[in-house]
Amino acid sequence: MSAVSSLACVALWAWAAAALQAFTIPVQDNDACCFAADLSGRGTADLCVIDGLLMRVHPGGGEAGAWSAAIEPGTAAVDIADLDGDGAPELVAVRGGDILGRPLEEGATGAWTVLFQADTRFSGGAPRPFPLVLAVPWGGRTVLALPTDDWLELRTPAGELVERFEIGAGAAHKVSLGEPFLAGAVYPPLVGPPGSLELRISRREAAVPDLPQELPAVALPAGAAPRQRRAALAAAAAGDAPVESWPWMPLRTGRDAGDDRVFYAYAPGGKRETLVALRRAAPATGGGTGAGMRLTPARRYPGILAEPEGEADFDGDGHTDLVLWNVRPPAPTVGAVGRALTGGEWPVRIALHTFDPASDKYGVKPWKAAEVPTGAQWLLEGARGPLRDLRALDFNGDHRTDLAFLCGEQSFCLWPSRGAGFSSAIETLPLPCPVADTVLTTDLDASGNALAVLRGDGALVIVSNR
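Shown next, in the form of structure tokens:
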């Protein structure tokens, strides 16, 4: 089974309750990718960095014992898996029509061998290698899942075809997206002579094929930040639209979350308020056998709602909590506004509102609240808001959900849980270089000391308590 768990790029940070240690890894490629993989078979992950045609391995995400392996030019996809079942994973790659393998226990001295040849969607090559799930469990063994134009083929490490599933345009699918027909005039004409009528006609389609449940999901995470930005933009424009067209979050957390939803939109008119409505399953009436859905009236909450990645259940009651931020504007004087715009700081207030099942609504008064300073330029930059790339995850190893986010160009913030509640203060970690966004949070050893991956410029910086 594949050992690749996640993608990341360029700056990696770890947060824990103990003393922090830091080291940096310079990278030649600003698009250098990171992923976590179990290279030793011990059940915990190591940090792997693909920088151009070099893969660096940092056991346990630390500095000691780091080594590297060269990747063949023209390689499009890379994975790590135990292909022969001996407990030692191998490095697997697709280079053109060649499926390659390389033992990892040989470290930097290992050599690539051609396992077999196959025509796949990766055969055309790629400008650089990318981590991708290639190895999957099937029938009690590990096979390679290789997509062609029309089929997903499962092959043994020797190249023997085990099974294949249709994934082409005519295949059965679970989800279909696209524009079946699009036409428009092109003026001035690009192909025909001047004065001619030219049309551009296109058809776009994307689908998720209907594959057996035994095959694990192999899609790579897109990252939370783009979705958070889309949701914020949609919430800003949704106030006058029907409630069920608003952005939404699941009301309950866990595997049995059901379809209860929290719809939200920013109040129109520039008010720093968020409208929140709930859609709940209602018992059937009149002798019916099914349950309907009930939509509550929208209620106003002070502040701008920010949706974190992860299950934002901070009080542990099984319900998603609301994260709202607000700022106090400077005094309406020329001096106060000028000082704020020339490098001053503004405090940002963050409030957590928990769900009350008895009243079937979120409390108007915050369950917890705290302030964090942020720079004026960061606050006023675009529509992203002062709290960016929020993550709800256990960062301090106490098995409770913490809140982490970027609160400045060079500031990483953590609001940690403490006992049955939250710390009274938000902790701020100065970063050694400006960062653009967070592209991954992960826990290498399942200890609760999570890693947040930040995108920097020309360096991979690792801060941890390991």
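Per this note's numbering: the sequence shown = residues 1 to 466. The beta carbon of each residue, even a glycine, is placed where N, CA and C say it ideally should be.
{"Asked": "Exposed unless 16 or more other CB atoms sit within 10 angstroms - verdict on I462", "Found": "buried"}
{"Asked": "G316 in three-state terms, based on DSSP", "Found": "coil"}
{"Asked": "Proximity below 9 Å, CB of W325 to CB of G385", "Found": "yes"}
{"Asked": "Other residues of its chain near A93: CB distance less than 6 Å, five sequence neighbours each side excluded", "Found": "T75, V78, L100"}
{"Asked": "CB of A36 within 9 Å of CB of L444, strictly", "Found": "yes"}
{"Asked": "Sequence-distant residues of its chain with Cβ nearer than 6 Å to A238 (five each side left out)", "Found": "W246, A265"}
{"Asked": "DSSP-derived helix/strand/coil call for T274", "Found": "strand"}
{"Asked": "Cβ neighbours of G52 in the same chain (closer than 6 Å, five flanking residues each side left out)", "Found": "Q28, D29"}
{"Asked": "Residues sharing a beta bridge with E153, DSSP", "Found": "L146, R164"}
{"Asked": "Nearest-angstrom Cβ-Cβ length linking D437 and R388, presumed shorter than 8 Å", "Found": "7 Å"}
{"Asked": "Limits of the beta strand (DSSP E) - the one that Q117 falls within", "Found": "113-117"}
{"Asked": "Whole-Å CB distance - D84 paired with R121, under 8 Å assumed", "Found": "That belief does not hold up - the Cβ atoms of D84 and R121 are roughly 26 Å apart, past 8 Å."}
{"Asked": "Distance, A358 Cα to E153 Cα", "Found": "52 Å"}
{"Asked": "Identified DSSP bridge partners for W346", "Found": "T374"}
{"Asked": "Opening and closing residue of the beta strand (DSSP E) in which E427 lies", "Found": "427-430"}
{"Asked": "9 Å Cβ cutoff met for S417 and R400", "Found": "yes"}
{"Asked": "CB of F412 within 9 Å of CB of L429, strictly", "Found": "yes"}
{"Asked": "Beta-carbon proximity check, L104 vs A69, cutoff 9 Å", "Found": "yes"}
{"Asked": "Residue(s) in a DSSP beta bridge with V136", "Found": "V143"}
{"Asked": "P103 at chain B interface by Cβ criterion, 9 Å", "Found": "No chain B appears in the structure shown, which is made up of a single protein chain."}
{"Asked": "Inter-residue Cα distance where the pair is V191 and E72", "Found": "41 Å"}
{"Asked": "Beta-carbon gap between A351 and G421 smaller than 9 Å", "Found": "no"}
{"Asked": "Neighbourhood of R252 by C-beta distance below 8 Å, restricted to the same chain and skipping five residues each side", "Found": "G258, D260, G318, H319, T320"}
{"Asked": "Per-residue burial, I201 [other beta carbons within 10 Å of its own, 16 or more giving buried]", "Found": "exposed"}
{"Asked": "C-beta atoms of E307 and V323 nearer than 9 Å", "Found": "yes"}
{"Asked": "CB contact flag (A135, A145, <9 Å)", "Found": "yes"}
{"Asked": "Within 9 Å, strictly: CB atoms of G474 and P26", "Found": "There is simply no residue 474 to check, as the chain begins at 1 and stops at 466 in what is shown."}
{"Asked": "T441 in three-state terms, based on DSSP", "Found": "strand"}
{"Asked": "Endpoints, the beta strand (DSSP E) within which I71 is located", "Found": "Counting along the chain, I71 falls outside any beta strand (DSSP E), and DSSP gives it neither H nor E."}
{"Asked": "Beta-carbon proximity list for D402, same chain, < 7 Å, skipping 5 on both sides", "Found": "L393, D394, F395, N396, L414, W415, P416, S417"}
{"Asked": "Contact belief for G61 with L451 at Cβ below 8 Å, rounded distance in angstroms", "Found": "7 Å"}
{"Asked": "S40: first and last residue of the uninterrupted beta strand (DSSP E) it sits in", "Found": "S40 -> no beta strand (DSSP E), and no H or E assigned at all."}
{"Asked": "Buried or exposed by the 16-neighbour rule on C-beta atoms within 10 Å, applied to W508", "Found": "An answer regarding residue 508 cannot be provided, because it is not within the stretch 1 to 466 covered by the chain."}
{"Asked": "Burial state of G456 (16 or more Cβ within 10 Å)", "Found": "buried"}
{"Asked": "Classification of T374 by the beta-carbon crowding that lies within 10 angstroms, buried from 16 upward", "Found": "buried"}
{"Asked": "Whole-angstrom distance between K365 and C407, CA atom to CA atom", "Found": "24 Å"}
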